[in-house]
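Trainee: These protein sequences, in sequence, are chains W and Z. Heads up: the first sequence begins at 0 in numbering that gives the first Met the number 0, then just goes up one per residue. Heads up: the second sequence begins at 0 in numbering that gives the first Met the number 0, then just goes up one per residue. Where a beta carbon is used, it is the ideal one built from N, C-alpha and C, also for glycine.
Number of protein chains: 2
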Amino acid sequence: MTKPPTIRDVARLSGVSTATVSRYFSGKTNALAPRTIESVRQAAKVLGYTPSEIGRSLRLAQSRVVVMLVPDATNHFTADIAVSVESALKGIGLSMVLANTGENAAQQDRLLADAQGLRARAIVLQGAIDTPRLRELVTTQGNLIFANRRPAQGIIAPYVGIDNFQAGLAVGHYFIARGYENWVAIHGPRHYFGSTARLDGFIAGVGDASRVLQFESPYTMQAGYEHACRLLDHERKKYSVFCANDMIAYGFYRAAMERNLRVPDDLVIFGFDDNRLNEWLAPWLTTVKVPALEFGPAIAELIEMPKPGFEGGRNIILPFELKVRQSA
Amino acid sequence: MTKPPTIRDVARLSGVSTATVSRYFSGKTNALAPRTIESVRQAAKVLGYTPSEIGRSLRLAQSRVVVMLVPDATNHFTADIAVSVESALKGIGLSMVLANTGENAAQQDRLLADAQGLRARAIVLQGAIDTPRLRELVTTQGNLIFANRRPAQGIIAPYVGIDNFQAGLAVGHYFIARGYENWVAIHGPRHYFGSTARLDGFIAGVGDASRVLQFESPYTMQAGYEHACRLLDHERKKYSVFCANDMIAYGFYRAAMERNLRVPDDLVIFGFDDNRLNEWLAPWLTTVKVPALEFGPAIAELIEMPKPGFEGGRNIILPFELKVRQSA
DNA sequence: AGTCAGGATGTAATCGTTAACATCAGGTGC
DNA sequence: GCACCTGATGTTAACGATTACATCCTGACT
Numbered sequence: 000m001t002k003p004p005t006i007r008d009v010a011r012l013s014g015v016s017t018a019t020v021s022r023y024f025s026g027k028t029n030a031l032a033p034r035t036i037e038s039v040r041q042a043a044k045v046l047g048y049t050p051s052e053i054g055r056s057l058r059l060a061q062s063r064v065v066v067m068l069v070p071d072a073t074n075h076f077t078a079d080i081a082v083s084v085e086s087a088l089k090g091i092g093l094s095m096v097l098a099n100t101g102e103n104a105a106q107q108d109r110l111l112a113d114a115q116g117l118r119a120r121a122i123v124l125q126g127a128i129d130t131p132r133l134r135e136l137v138t139t140q141g142n143l144i145f146a147n148r149r150p151a152q153g154i155i156a157p158y159v160g161i162d163n164f165q166a167g168l169a170v171g172h173y174f175i176a177r178g179y180e181n182w183v184a185i186h187g188p189r190h191y192f193g194s195t196a197r198l199d200g201f202i203a204g205v206g207d208a209s210r211v212l213q214f215e216s217p218y219t220m221q222a223g224y225e226h227a228c229r230l231l232d233h234e235r236k237k238y239s240v241f242c243a244n245d246m247i248a249y250g251f252y253r254a255a256m257e258r259n260l261r262v263p264d265d266l267v268i269f270g271f272d273d274n275r276l277n278e279w280l281a282p283w284l285t286t287v288k289v290p291a292l293e294f295g296p297a298i299a300e301l302i303e304m305p306k307p308g309f310e311g312g313r314n315i316i317l318p319f320e321l322k323v324r325q326s327a
Numbered sequence: 000m001t002k003p004p005t006i007r008d009v010a011r012l013s014g015v016s017t018a019t020v021s022r023y024f025s026g027k028t029n030a031l032a033p034r035t036i037e038s039v040r041q042a043a044k045v046l047g048y049t050p051s052e053i054g055r056s057l058r059l060a061q062s063r064v065v066v067m068l069v070p071d072a073t074n075h076f077t078a079d080i081a082v083s084v085e086s087a088l089k090g091i092g093l094s095m096v097l098a099n100t101g102e103n104a105a106q107q108d109r110l111l112a113d114a115q116g117l118r119a120r121a122i123v124l125q126g127a128i129d130t131p132r133l134r135e136l137v138t139t140q141g142n143l144i145f146a147n148r149r150p151a152q153g154i155i156a157p158y159v160g161i162d163n164f165q166a167g168l169a170v171g172h173y174f175i176a177r178g179y180e181n182w183v184a185i186h187g188p189r190h191y192f193g194s195t196a197r198l199d200g201f202i203a204g205v206g207d208a209s210r211v212l213q214f215e216s217p218y219t220m221q222a223g224y225e226h227a228c229r230l231l232d233h234e235r236k237k238y239s240v241f242c243a244n245d246m247i248a249y250g251f252y253r254a255a256m257e258r259n260l261r262v263p264d265d266l267v268i269f270g271f272d273d274n275r276l277n278e279w280l281a282p283w284l285t286t287v288k289v290p291a292l293e294f295g296p297a298i299a300e301l302i303e304m305p306k307p308g309f310e311g312g313r314n315i316i317l318p319f320e321l322k323v324r325q326s327a
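Following this line, the structure appears as structure tokens:
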């Protein structure tokens, strides 16, 4: 209710100047006399003083928040990345504000403006959408970081994530090695560069595009379910399905269960992303494991490092892994 | 790279004073001449100006961020609440910063201090831990809101969530109505008031404490799994298990599956919380559905309303629902 | 004793915004 | 013509912190 104590209050109570108090809280304690340190500590404690991050940010023209924009915060994999990032940022003294674009370009641009307003130290985008405003910020601000998916090929900015083409390729090769037939690819939205890269990799892996049934799909369970219903009710075969992410795979699986199909006897389902819950709730799901927990440290590193020698785009490519479970 | 334009730059370019620009961006446009509005709009656009939230916060002694502290961000239900809150806050012009306490008292207190530093408009705690610092803030700041679980009985502060005792009671009554035997309650940590309330309700519902096997457990899959292993390997019965949350239930289920037990023929499993994924991945789970998506609007309302007539603690009690799936 | 180095601390300008108050022009009522 | 009002805009003092620069003190060296 009453306004919080300021640095001046602490200074007055401990009988020193605000500069000294500031030095104490900025960790410049080796420039202070032990007696002074103690009296400031005491006064701050008595008053319950916490330095105002706002005053500090204003003075330093630099805030300590990082904005993370996610396309769908209810996606468990997305959330895992957010958690990893939050934890790593906290480790270097930063806070994370989370916001949901809902895969909506206008909403994303609005949130980017908000992030500007907060003078965010960095803006991390999972699944960014390619808009003029985004491109403008990439060039003018240079504090954007793309995680997991790049919005487009031409954009030069730091990226953290796997090599999507290689991952798709690995799945394609696996399909060939196991002799799977009746290939189906339920791929993500074409406007994501990453989705297309996964699909291209997969097709390169199986080696024959004409034999791959392709469906474009939003990254949701509902969409996966609907694609599966259409496919399975149209013609029943032992399909080998490569889903663009695990959500789609969950949806597909449900449709298969409703038709009493068994995995992997009647159907092979491949997902993409993997998260902690799969081990417990989806032991039938074989998927490409993307190391969600490694995003945090990687992004923290990109933020801390001042600048690389060359222009823009440092990349941190994380390893992926084929996580084979019962379905294969 | 170059520092962002300030209100002064816009004022200079459009030939008006900073006050006028400020008025424009504070939405006081009906006090401005149309010609002025247009020239400010133009200038701001040319410069790419976005008002500094930091400057504004400093001046107003009030920031627009709300800090949300969660005990375990990887819990899907917890995340659903966070998403709901973020979305509702965005609707009233606020941002959410998310932080993870990891069920750790010291970490929570550290984060509370950070929230103070940010001059957070409000602090929302899911699953707060009762510490002296917490109690101090509740009384001195009055901007704390408890969601889903209260830390303790004595604390007077706004609360949003279900009535845990009633929910436990409903489960107990259901057990009786269906004639379930061999009651087991894997309840949450005792230091959470909410956990205890659920357990007390359940016991009241079944009516005979002495016939309830009780285990205290962390809210994790691993813990649920371990309790299940011990219980099932000790003596095999058709247990009726009430788990403190869905995570624990997932863990219990896995142990049951490994032993080829079938739900609900060999075992009844009850969870608590429910989330969107259950419908798809855990159709065997009967659970108490807590309306995660209603937390956001409720919390936004608590933050917006200045103060109730009486001291502290307004509560918003949300409805719960028994979500019966295959397991029962 | 005088000079000087260097450690400890104080003074004051500054960051970007808001809002109370001041100003000013033009219109209205007498 | 004067007083007064109103609507549009300008002036300026905060808000809470940091830091370059100034100051003061103590002790060491010549």
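Might you give, ordered along the chain, the residues of its own chain that have their beta carbon closer than 8 Å to the beta carbon of residue 138/W, omitting 5 neighbours on each side?
Mentor: As a first step, residue 138/W is located in the first sequence; it is residue number 139 there, counting from the start. So no residue of the chain qualifies.
Trainee: Any beta carbon from chain W within less than 9 Å of residue 31/Z's own beta carbon?
Mentor: Locating residue 31/Z in the second sequence gives position 32, counting from the first residue. By this cut-off, residue 31/Z is not an interface position.
Trainee: Please classify residue 304/W: is it buried, with 16 or more other beta-carbons within 10 angstroms of its beta-carbon, or exposed?
Mentor: Stepping through the first sequence from its first residue, residue 304/W is reached at position 305. Per the 10 Å Cβ criterion, exposed.
Trainee: Can you tell me which of 132/Z, 163/Z, 43/Z and 23/Z puts its alpha carbon nearest to the alpha carbon of residue 12/Z?
Mentor: Your numbering for residue 12/Z matches position 13 in the second sequence. When each option's Cα is compared against that of residue 12/Z, the closest is 43/Z.
Trainee: Using the C-alpha atoms, what's the distance from residue 243/Z back to residue 320/Z?
Mentor: The residue labelled residue 320/Z in the question sits at position 321 within the second sequence. The residue labelled residue 243/Z in the question sits at position 244 within the second sequence. Roughly 15 Å separates the two Cα atoms.
Trainee: Where residue 156/Z and residue 2/Z are concerned, what is the direct C-alpha to C-alpha distance, given to the nearest angstrom?
Mentor: The residue you call residue 156/Z lines up with position 157 of the second sequence. The residue you call residue 2/Z lines up with position 3 of the second sequence. Straight-line Cα distance between these residues: approximately 42 Å.
Trainee: If you draw a straight line from the alpha carbon of residue 73/W to that of residue 18/Z, how long is it in whole angstroms?
Mentor: Reading the first sequence from its first residue, position 74 is the one you call residue 73/W. Reading the second sequence from its first residue, position 19 is the one you call residue 18/Z. Cα to Cα, the separation comes out at about 42 Å.
Trainee: Take residue 287/Z as the anchor and find which of 264/Z, 191/Z, 181/Z and 161/Z has the nearest alpha-carbon.
Mentor: Position 288 of the second sequence, counted from the first residue, corresponds to residue 287/Z. Looking at the Cα atoms, 161/Z is the closest of the given residues.
Trainee: In this structure, does DSSP put residue 283/Z in helix, strand or coil?
Mentor: Indexing the second sequence from 1 puts residue 283/Z at position 284. In the structure shown, residue 283/Z sits in coil (DSSP, three-state: anything other than H, G, I, E or B).
Trainee: State the DSSP-derived secondary structure class of residue 331/Z, mapped to helix, strand or coil.
Mentor: Past the edges of chain Z, shown from 0 to 327, lies residue 331/Z, and the structure says nothing about it.
Trainee: CA-CA distance, residue 150/Z and residue 206/W?
Mentor: Counting from 1 along the second sequence, the entry for residue 150/Z is found at position 151. Counting from 1 along the first sequence, the entry for residue 206/W is found at position 207. Cα to Cα, residue 150/Z sits roughly 59 Å from residue 206/W.
Trainee: What residues in its chain sit with their C-beta under 6 Å from that of residue 328/Z, if we drop five residues either side in the sequence?
Mentor: Given that chain Z is displayed from residue 0 to residue 327, the structure contains no residue 328/Z and the question cannot be resolved.
Trainee: Closest by CA to residue 147/W, which one among 226/W, 98/W, 292/W and 220/W?
Mentor: The residue you call residue 147/W lines up with position 148 of the first sequence. Nearest option by C-alpha distance: 292/W.
Trainee: Does the structure place the segment 164-177 of chain W close enough to the segment 213-225 of chain W that three or more beta carbon pairs sit under 8 Å?
Mentor: With the cut-off at 8 Å, the segment 213-225 of chain W and the segment 164-177 of chain W do not touch.
Trainee: Just verifying my parser: in three-state terms, what is the DSSP assignment at residue 239/W?
Mentor: The sequence position of residue 239/W within the first sequence is 240, counting from 1. Here residue 239/W sits in strand by DSSP.
Trainee: Cβ of residue 315/Z less than 9 Å from any chain W Cβ?
Mentor: Position 316 of the second sequence, counting from 1, holds the residue named residue 315/Z. With 9 Å as the cut-off, residue 315/Z does not count as an interface residue toward chain W.
Trainee: Any idea if residue 247/Z is buried or exposed, counting beta-carbon neighbours within 10 angstroms, 16 or more meaning buried?
Mentor: As a first step, residue 247/Z must be located in the second sequence, where it is residue number 248. When all chains shown are included, residue 247/Z counts as buried.
Trainee: Return the CA-CA distance between residue 315/Z and residue 297/Z, expressed in angstroms with no decimal places.
Mentor: Reading the second sequence from its first residue, position 316 is the one you call residue 315/Z. Reading the second sequence from its first residue, position 298 is the one you call residue 297/Z. If you take the alpha carbons of residue 315/Z and residue 297/Z, they lie about 7 Å apart.
Trainee: In its own chain, which residues sit with a C-beta less than 7 Å from the C-beta of residue 52/W, not counting the 5 before and 5 after it?
Mentor: For the purposes of this step, residue 52/W is identified with residue 53 of the first sequence, where counting begins at 1. So the qualifying residues of the chain are 63.
Trainee: Using a Cβ-Cβ distance cut-off of 9 Å, determine whether residue 72/W contacts chain Z.
Mentor: Indexing the first sequence from 1 puts residue 72/W at position 73. It does: the Cβ of residue 72/W has a partner Cβ on chain Z nearer than 9 Å.
Trainee: Identify the continuous alpha helix (DSSP H) that holds residue 80/W and give its terminal residues.
Mentor: Start at 1 with the first residue of the first sequence, and residue 80/W comes out as number 81. Its alpha helix (DSSP H) spans residues 75-90.
Trainee: Beta-carbon within less than 6 Å of residue 302/W's beta-carbon, same chain only, minus the 5 sequence neighbours each way: which residues are those?
Mentor: Residue mapping note: residue 302/W aligns to position 303 of the first sequence, counting from 1. 121.
Trainee: Report the residue ranges of all alpha helix (DSSP H) runs contained in full by the segment 120-186 of chain Z; include only those spanning at least 4 residues, in chain order.
Mentor: Segments of the alpha helix (DSSP H) lying fully in the segment 120-186 of chain Z: 131-139 and 163-176.
Trainee: With DSSP collapsed to three states, give me the class of residue 44/W.
Mentor: Mapped onto the first sequence, residue 44/W falls at position 45. It is helical.
Trainee: Does any CB atom of chain W fall closer than 9 Å to the CB of residue 99/Z?
Mentor: Taking the first residue of the second sequence as position 1, residue 99/Z is located at position 100. So, interface residue.
Trainee: Quick check on residue 118/W - is its C-beta less than 9 Å from some C-beta in chain Z?
Mentor: Translated into positions along the first sequence, residue 118/W becomes position 119. By this cut-off, residue 118/W is an interface position.
Trainee: Taking 9 Å as the CB-CB limit, is residue 49/Z close to chain W?
Mentor: Position 50 of the second sequence, counted from the start, is the residue given in the question as residue 49/Z. So, interface residue.
Trainee: Short check: CB of residue 276/W to CB of residue 97/Z, under 9 Å?
Mentor: For the purposes of this step, residue 276/W is taken as the residue at position 277 of the first sequence. For the purposes of this step, residue 97/Z is taken as the residue at position 98 of the second sequence. No, the Cβ-Cβ distance between residue 276/W and residue 97/Z is not below 9 Å.
Trainee: Is it a yes or a no for the segment 22-35 of chain Z touching the segment 22-34 of chain W, going by three-plus beta-carbon pairs under 8 Å?
Mentor: At 8 Å Cβ cutoff, the stretches do not touch.
Trainee: Do you know how far the Cα of residue 251/W is from the Cα of residue 226/W?
Mentor: Translated into the one-based positions of the first sequence, residue 226/W becomes position 227. Translated into the one-based positions of the first sequence, residue 251/W becomes position 252. Distance between the alpha carbons of residue 226/W and residue 251/W: 7 Å.
Trainee: So, is residue 142/W buried or exposed, given that buried needs 16 or more other C-beta atoms within 10 angstroms?
Mentor: Along the first sequence, read from residue 1 onward, the residue named residue 142/W stands at position 143. Buried, by the Cβ-count rule.
Trainee: With a threshold of 9 Å between beta-carbons, can residue 128/Z be considered close to chain W, or not?
Mentor: Reading the second sequence from its first residue, position 129 is the one you call residue 128/Z. No, no contact with chain W.
Trainee: Which residue comes first and which comes last in the beta strand (DSSP E) that contains residue 213/Z?
Mentor: By one-based count along the second sequence, residue 213/Z stands at place 214. First-last of the beta strand (DSSP E) with residue 213/Z: 212-215.
Trainee: What whole-angstrom Cβ distance do residue 191/Z and residue 101/Z have, given they're in contact under 8 Å?
Mentor: As a first step, residue 191/Z must be located in the second sequence, where it is residue number 192. As a first step, residue 101/Z must be located in the second sequence, where it is residue number 102. So it is not a contact: roughly 15 Å between Cβ atoms.
Trainee: Just by C-beta distance, which residues in the segment 247-271 of chain W are closer than 9 Å to chain Z?
Mentor: Answer set for the segment 247-271 of chain W: 249, 250, 252, 253 and 256.
Trainee: Mind reading off the beta-carbon distance from residue 79/Z to residue 274/Z? Whole number of angstroms is fine, and I expect it under 8 Å.
Mentor: The residue you call residue 79/Z lines up with position 80 of the second sequence. The residue you call residue 274/Z lines up with position 275 of the second sequence. That pair is a contact at about 5 Å.
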